[in-house]
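Report on the following structure.
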Amino acid sequence: MSIENVEKFIAEFARSLAEETFVKMTLGNYKGADEHLQKLLLRMVETRKGLRLFFLYRYDTRDTAKNHDFDESVKILRGILGKDFFSGHLFTTENDFQLDIGRKGKSRLNTAKPTFKTKPKLEHDREKRRFVNADSFYLRALGITTDRGEIRDKQQDKWKQINKFVETLASLFDKSPLKDRTVLNIVDMGSGKGYLTFATYDYFRNIRGLDVKVTGVDTKSELVGICSDIARASEFENLRFVNGWIGDYELKDVDILIALHACNTATDDAIFKGIKAEADLIVVAPCCHQEIRPQITPPEMLKNVLKHGVMLEREAESITDGLRAILLEKSGYQTKLFEFVSTEHTPKNNMIVGTRQKKKPDPAKFDAEIDAIKQFYGIREQRLETLLNP
Ligand SMILES: C[S@@+](CC[C@H](N)C(=O)[O-])C[C@H]1O[C@@H](n2cnc3c(N)ncnc32)[C@H](O)[C@@H]1O
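Counting from 104, one number per residue, gives the positions in the sequence shown under the working numbering.
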């Protein structure tokens with residue numbers, strides 16, 4: 104093979120890194136051994152260790168990614184150009200370079216005016232890379248992104264919610280006793296269409312490189328079928344979806360239990376399962392709080408406040424989630440309750456997080472508090488409490 108043009112192309116790549124003019128690079132015309140690999144896309148990212156090149160390997164149904172420092176990147180490029188990939192497009196702020204390697208090793212290198220005169224913002228790239236990879240096949244299959252990897256207009260809120268959720272989960276994980284674990288078992292109760300289940304798997308498996316197993320449980324068999332097909336097509340080997348009720352699911356050896364927007368008391372069923380299975384982290388975002396509201400008899404003092412439907416509804420939500428948090432504490436979990444995503448993106452945004460503690464508290468201390476709250480509002484029953492004290 105005539106290597107002069109190839110070497111020139113590699114030299115321009117190395118120079119663009121050294122002189123900080125690199126924008127991005129695409130390698131195509133793949134003729135290597137992997138029948139599913141299509142392209143390799145390179146862009147610059149900022150990591151804790153400094154600037155790195157983000158290698159995104161695009162397969163027909165999935166993507167994988169890896170970071171490399173500049174020297175490694177040049178070596179990799181030299182090893183694959185003309186062996187696996189037969190075309191390269193390098194964009195710098197000074198010029199575009201297009202390399203084509205033909206049959207019998209003949210090559211052509213074209214230089215053109217730069218398509219991009221400024222470099223893309225690194226901050227944004229880092230955020231995308233760290234938590235959710237917008238190029239992933241599952242996002243396309245679930246209708247969040249277009250075939251070109253752009254977020255669909257109507258899915259912007261969902262996209263923000265997915266990112267915020269994974270970012271929150273990552274931070275909770277890093278602050279929990281699980282932080283040094285390399286093997287993880289996560290169960291997502293009420294997984295629905297699976298957006299968050301897929302993003303959780305992809306983050307821990309492909310971005311953090313952990314040996315993770317994720318199971319989504321949902322009562323809707325149609326959704327379980329669709330999610331299972333997408334998981335298979337994504338080659339997410341340790342992601343599975345199971346059809347069934349949360350209350351009936353046999354939960355064992357779970358490290359993180361998730362239940363996001365599981366309707367009404369399904370959240371209580373999920374928390375209960377997590378407590379019984381001694382999950383280290385329990386992360387729930389409740390919705391449709393229907394159990395407590397009809398039971399509330401407003402105390403005389405609050406009669407005129409709670410006569411308004413909207414106030415009664417909010418009060419019922421606060422009491423329900425507050426009681427859930429106290430019950431988690433009673434069961435030996437340290438709890439946090441916060442808004443995990445702005446109300447502008449979803450009104451169902453309260454998150455309750457329980458982190459299992461080694462030392463168990465005295466339950467009697469909590470019982471008196473729970474009884475006082477129930478008596479004050481005339482509440483007869485709260486599902487989680489009933490499950491914990493049958
Ligand atoms: C509002 S969706 C939320 C889906 C997903 N977790 C999310 O946040 O995008 C609630 C899902 O929980 C499922 N679900 C509700 N109660 C359930 C139960 N007791 N057992 C299993 N699935 C349940 C529903 O079928 C539905 O798919």
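We treat Cβ as the ideally placed atom computed from N, Cα and C, and that holds for glycine.
Source: prediction; values computed, not measured.
Given that a residue counts as buried once 16 or more other Cβ atoms are within 10 Å of its Cβ, and exposed if not, what is residue i?
i, result
"residue 481", "exposed"
"residue 392", "buried"
"residue 433", "buried"
"residue 519", "Because the chain in this structure spans residues 104 to 493, residue 519 falls outside the shown range and cannot be described."
"residue 324", "exposed"
"residue 494", "Since the first and last residues shown for the chain are 104 and 493, residue 494 lies out of range."
"residue 219", "exposed"
"residue 492", "exposed"
"residue 286", "exposed"
"residue 404", "exposed"
"residue 471", "exposed"
"residue 437", "exposed"
"residue 485", "buried"
"residue 114", "exposed"
"residue 208", "exposed"
"residue 397", "exposed"
"residue 413", "exposed"
"residue 371", "buried"
"residue 402", "exposed"
"residue 389", "buried"
"residue 121", "exposed"
"residue 243", "buried"
"residue 232", "Residue placement at residue 232 cannot be trusted, given a pLDDT of 49 that sits under 50; what the coordinates show is reported in the next sentence. With 16 or more other Cβ atoms within 10 Å, it is buried."
"residue 221", "exposed"
"residue 400", "exposed"
"residue 277", "exposed"
"residue 227", "Because residue 227 sits at a pLDDT of 45, beneath the cut-off of 50, its placement in the model cannot be relied upon, and the following sentence gives the value as read from the coordinates. The residue is exposed, with fewer than 16 neighbouring Cβ atoms inside 10 Å."
"residue 166", "buried"
"residue 488", "buried"
For ligand 1, is there a heavy atom less than 7 angstroms away from the beta-carbon of residue i?
i, result
"residue 321", "yes"
"residue 349", "yes"
"residue 299", "yes"
"residue 139", "no"
"residue 260", "no"
"residue 283", "no"
"residue 296", "yes"
"residue 501", "For the chain, the structure presents residues 104 to 493; residue 501 sits outside this window and is missing."
"residue 490", "no"
"residue 273", "no"
"residue 305", "no"
"residue 390", "yes"
"residue 156", "no"
"residue 371", "no"
"residue 326", "yes"
"residue 246", "no"
"residue 185", "no"
"residue 377", "no"
"residue 425", "no"
"residue 293", "yes"
Using a threshold of 8 angstroms, state whether the C-beta atoms of residue i and residue j are closer than that.
i, j, result
"residue 157", "residue 145", "yes"
"residue 341", "residue 316", "yes"
"residue 44", "residue 261", "Within the shown structure, residues of the chain are numbered from 104 to 493, placing residue 44 beyond reach of any answer."
"residue 374", "residue 440", "no"
"residue 301", "residue 241", "yes"
"residue 408", "residue 275", "no"
"residue 304", "residue 339", "yes"
"residue 172", "residue 155", "yes"
"residue 357", "residue 290", "yes"
"residue 109", "residue 210", "yes"
"residue 147", "residue 194", "no"
"residue 463", "residue 435", "yes"
"residue 417", "residue 455", "no"
"residue 349", "residue 379", "no"
"residue 112", "residue 245", "no"
"residue 384", "residue 458", "yes"
"residue 299", "residue 363", "yes"
"residue 318", "residue 343", "yes"
"residue 161", "residue 141", "yes"
"residue 196", "residue 126", "yes"
"residue 159", "residue 116", "no"
Would a check of beta-carbon distances place residue i closer than 8 angstroms to chain C?
i, result
"residue 129", "Here chain C cannot be found, since the structure has a single protein chain."
Handout entry: Given 8 angstroms, three or more beta-carbon pairs between the segment 301-313 and the segment 212-223
Key = no
Problem - Stretch pair the segment 290-308 + the segment 330-338: three plus CB contacts closer than 8 angstroms - result: yes
Problem - Any 3 or more C-beta pairs closer than 8 angstroms across the segment 244-255 and the segment 278-292 - result: no
Problem - Any 3 or more C-beta pairs closer than 8 angstroms across the segment 129-144 and the segment 179-194 - result: yes
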